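Number of protein chains: 2
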Amino acid sequence: MPVHDEARADVIAKDLAAAIGRLLRRLRAEANPTELALSQMGALARLEQGGPMTTADLARAELMKPQSMGVILGTLEHEGLVERQPHPTDRRQVLFVLTEAGAAARTRHRAMKRDWLVRALGQLDAAQLEVLVAAIPILQKVGDS
Amino acid sequence: MPVHDEARADVIAKDLAAAIGRLLRRLRAEANPTELALSQMGALARLEQGGPMTTADLARAELMKPQSMGVILGTLEHEGLVERQPHPTDRRQVLFVLTEAGAAARTRHRAMKRDWLVRALGQLDAAQLEVLVAAIPILQKVGDS
DNA sequence: TATTGTTATACTCTATAACTATA
DNA sequence: TATAGTTATAGAGTATAACAATA
């Protein structure tokens, strides 16, 4: 990138960091307090989509340490939303799957029209929504780089 | 929004939440560990741009509670990066400003080419960067809505 | 009475380090 | 020896509730 663009990248980086920090705070605050915390819902969503996964699989998917994911899974297990399955060939590994209650929690969450982010997105016009849709894979790429 | 788009908004919401969650985790992990935490840097950046500000001003800007911002400012004050000024007319209020050390921290941070996010953005092509630039105000709007 | 800020307390999220069990 | 997971501990980040000072 040319030199004058480094300064620009700097400004973009600052604004982007501020914007996602604010948005995540808002998300956390608006997440239905009676429901699950953000990271718990994230893990449930991964399990719903990706079938049985190990702690390490989930940690990689969410860009966190296995120990951190272990805490989250422990809470979800305690609440009966996920359960363990033995790994068929490697007894060190533990596979996690959604329980019926866990699947129901996902469904309930999805069905909630009160879901704040969905409503917030609904206030965008079509062009703005398209920009956001285009930005998501780029944000993912940045996170992975 | 038409009904079929509600389902789409739902998917977008899920992907967006996952993407920004991952990105923030990555940012936190990559932030130079010897430097300040993200929210501390955020507060310093606001003060650098916005001149003297009260706890409540800063909390509003960062979408957090004044008590939470108070903790952050307390840490920064303890480290000598910000200092208090009496408000000229309202003795309840406390204005915070950067100290020399605080301004130096900002400059140092900006100068660090090791800044992870800047490097990550540098790997995007021009078109991707433009999408991201266009997305930032939309993310801000979503956070405010 | 309303507003600004502080103090106390607690919970979420995440990390590092040290350990156990299995491969 | 290397890998998957667990346990213990700690720190950042944030919230709510109760309080004090000032307007």
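For the record, the sequence lines run as chains A and B.
To convert, note that position 59 of the first sequence is 57 in my numbering; the numbers rise steadily by one, no gaps.
To convert, note that position 124 of the second sequence is 122 in my numbering; the numbers rise steadily by one, no gaps.
Glycine included, every Cβ here is placed at the ideal spot set by N, Cα and C.
Only a predicted model underlies this, so the values are computations on that prediction, with no experimental measurement involved.
- The alpha helix (DSSP H) runs of length 4 or more contained entirely in the segment 91 to 138 of chain B are, from start to end of the chain, 98 to 109, 114 to 120.
- Within chain B, the residues whose beta carbon sits less than 8 Å from that of residue 8 of chain A are 108, 113, 116, listed in sequence order.
- It is roughly 9 Å from the alpha-carbon of residue 133 of chain A to the alpha-carbon of residue 127 of chain B.
- When Cβ-Cβ separations below 9 Å define contact, residue 55 of chain A makes no contact with chain B.
- Its Cα nearest to that of residue 59 of chain A, the residue A:41 stands out among A:41, A:75, A:114.
- Spatial neighbours of residue 37 of chain B in its own chain (CB-CB distance under 6 Å, excluding positions within 5 residues in sequence) are listed in chain order as 70.
- In the DSSP assignment, the residues bridged to residue 82 of chain B are B:94.
- For residue 75 of chain A, the enclosing alpha helix (DSSP H) starts and ends at 64 to 76.
- Among the residues of chain B, none has a CB under 8 Å from the CB of residue 67 of chain A; the nearest is roughly 11 Å distant.
- Taking a contact as a CB-CB distance under 8 Å, the pair residue 50 of chain B and residue 57 of chain B does not count as one, their CB atoms being some 15 Å apart.
- Residue 68 of chain A has its alpha-carbon roughly 26 Å from the corresponding atom of residue 137 of chain A.
- Shown here, residue 52 of chain B sits in a strand according to DSSP, grouped into three states.
- Distance check between residue 25 of chain A and each of A:118, A:8, A:122 places A:118 closest, using alpha-carbon atoms only.
- CA-CA distance, residue 105 of chain B to residue 43 of chain B, rounds to 10 Å.
- Straight through space, the alpha carbons of residue 22 of chain A and residue 53 of chain B are spaced by roughly 20 Å.
- Counting only the Cα atoms, residue 48 of chain B lies some 14 Å from residue 97 of chain B.
- A direct Cα-to-Cα measurement between residue 124 of chain B and residue 7 of chain A gives close to 11 Å.
- Interface annotation, residue 126 of chain B: in contact with chain A, CB-CB separation under 9 Å.
- At a cut-off of 9 Å between beta-carbon atoms, residue 75 of chain B makes no contact with chain A.
- Contact annotation for residue 134 of chain A against chain B: 10, 13, 14, 17 [CB-CB distance below 8 Å, chain order].
- Within chain A, 16, 19, 20, 23 have C-beta atoms less than 9 Å from the C-beta of residue 60 of chain B, given in sequence order.
- Within 8 Å of the CB of residue 43 of chain A, the CB atoms of chain B belong to 12, 16, in sequence order along the chain.
- When the five nearest sequence neighbours on each side are left out, the beta carbons in the same chain lying within less than 6 Å of the beta carbon of residue 91 of chain A are those of 52, 85, in order along the chain.
- Classified as exposed, residue 89 of chain A has fewer than 16 neighbouring CB atoms from the shown chains inside 10 Å of its CB.
- Rounded to the nearest angstrom, the gap between the Cα atoms of residue 81 of chain B and residue 18 of chain B is 32 Å.
- Within the segment 71 to 95 of chain A, not one residue has a Cβ closer than 8 Å to any Cβ of chain B.
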